[in-house]
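Asks: Below are the structure tokens for one structure; questions will follow.
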Amino acid sequence: MPEPTTLKLTTKDFKSDQEVRWCPGCGDYAILAAIQQFMPELNIPRENTVFISGIGCSSRFPYYMNTYGMHSIHGRAPAIATGLSVTRPDLSVWVVTGDGDALSIGGNHLIHALRRNVNLKILLFNNRIYGLTKGQYSPTSETGKITK
Numbered sequence: 001m002p003e004p005t006t007l008k009l010t011t012k013d014f015k016s017d018q019e020v021r022w023c024p025g026c027g028d029y030a031i032l033a034a035i036q037q038f039m040p041e042l043n044i045p046r047e048n049t050v051f052i053s054g055i056g057c058s059s060r061f062p063y064y065m066n067t068y069g070m071h072s073i074h075g076r077a078p079a080i081a082t083g084l085s086v087t088r089p090d091l092s093v094w095v096v097t098g099d100g101d102a103l104s105i106g107g108n109h110l111i112h113a114l115r116r117n118v119n120l121k122i123l124l125f126n127n128r129i130y131g132l133t134k135g136q137y138s139p140t141s142e143t144g145k146i147t148k
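Under full-length UniProt numbering, the residue at position 57 of the sequence shown is numbered 57, and the numbers go up by one with no gaps.
Now the structure itself:
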């Protein structure tokens with residue numbers, strides 16, 4: 001009996017039909033494009049890939065990937081992703097978060113996910129500002145930075 005053929009995934013396979021809604025010139029576009037280009041190289045089926053995000057501009061990411069995804073609550077994406085990864089080790093679980101989401105209210109969840117050494121991939125978008133609220137300082141803002 002012949003073996004089933006598998007189609008090679010392409011960058012286009014990972015692009016969703018959702019309109020990308022980031023501000024013009026935002027660096028998040030480059031991160032999204034890089035991940036969409038990189039995913040086919042991993043050779044992991046889309047149905048075995050999950051992106052989990054929290055709050056902030058970066059957290060729209062799961063909508064723009066043609067995989068499973070979840071937009072969770074502020075700072076809790078690492079905790080939710082930990083639960084998924086532990087119960088479904090067959091999945092490739094990614095956390096998408098920003099410096100405000102991960103290093104402020106979510107700092108404790110991020111530290112414990114790292115401490116537990118769970119099989120997660122974490123994309124931390126660091127723009128050194130709370131971009132979604134248009135200019136509050138974040139945990140990674142430069143010392144002395146004047147914000148809105």
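Note that CB positions come from ideal geometry on N, CA and C, so glycine has one too.
My guess is that S138 and I129 are in contact by the Cβ rule of under 8 Å, so how many angstroms apart are they, rounded?
Replies: The Cβ separation is near 6 Å, so the contact holds.
Asks: Taking only the alpha-carbon atoms, compute the straight-line gap between P62 and R46 and give it to the nearest angstrom.
Replies: For P62 and R46, the distance between alpha carbons rounds to 12 Å.
Asks: With DSSP as the reference, label I55 as helix, strand or coil.
Replies: Note: I55 maps to coil in three-state DSSP.
Asks: CA-CA distance, N119 and L9?
Replies: Going by the C-alpha atoms only, they are around 23 Å apart.
Asks: With a threshold of 7 Å, establish whether the CB of E19 neighbours any heavy atom of the ligand HEM.
Replies: The model depicted lacks the ligand HEM and carries no ligand whatsoever.
Asks: Tell me whether Q37 is buried or exposed, calling it buried when 16 or more other Cβ atoms sit within 10 Å of its Cβ.
Replies: Exposed, since its Cβ has fewer than 16 Cβ neighbours within 10 Å.
Asks: Taking the C-alpha atoms as reference points, what is the distance between L91 and G144?
Replies: Those two C-alpha atoms are separated by around 42 Å.
Asks: Return the residue from the list L7, V95, G25 and C57 that minimises the CA-CA distance to G131.
Replies: Comparing Cα-Cα distances from G131 to each of L7, V95, G25 and C57, the minimum goes to C57.
Asks: Report yes if the CB atom of W94 is closer than 8 Å to the CB atom of K134, and no otherwise.
Replies: Result no, Cβ atoms of W94 and K134 do not sit closer than 8 Å.
Asks: Three-state secondary structure (DSSP) at V118?
Replies: Of the three classes helix, strand and coil, the one that applies to V118 here is coil, per DSSP.
Asks: To which residues does DSSP link G98 through a beta bridge?
Replies: According to DSSP, which records beta bridges pairwise, G98 is partnered with F125.
Asks: Taking the alpha-carbon of I55 as reference, which of S141, F125, T140 and M39 has the nearest alpha-carbon?
Replies: It is F125 whose Cα lies nearest to the Cα of I55.
Asks: Flag this pair as yes or no: are the beta carbons of F14 and T67 separated by less than 8 Å?
Replies: Contact: yes.
Asks: May I have the straight-line CA-CA distance separating C23 from A113, to the nearest angstrom?
Replies: Spanning the two alpha carbons is a distance of roughly 30 Å.
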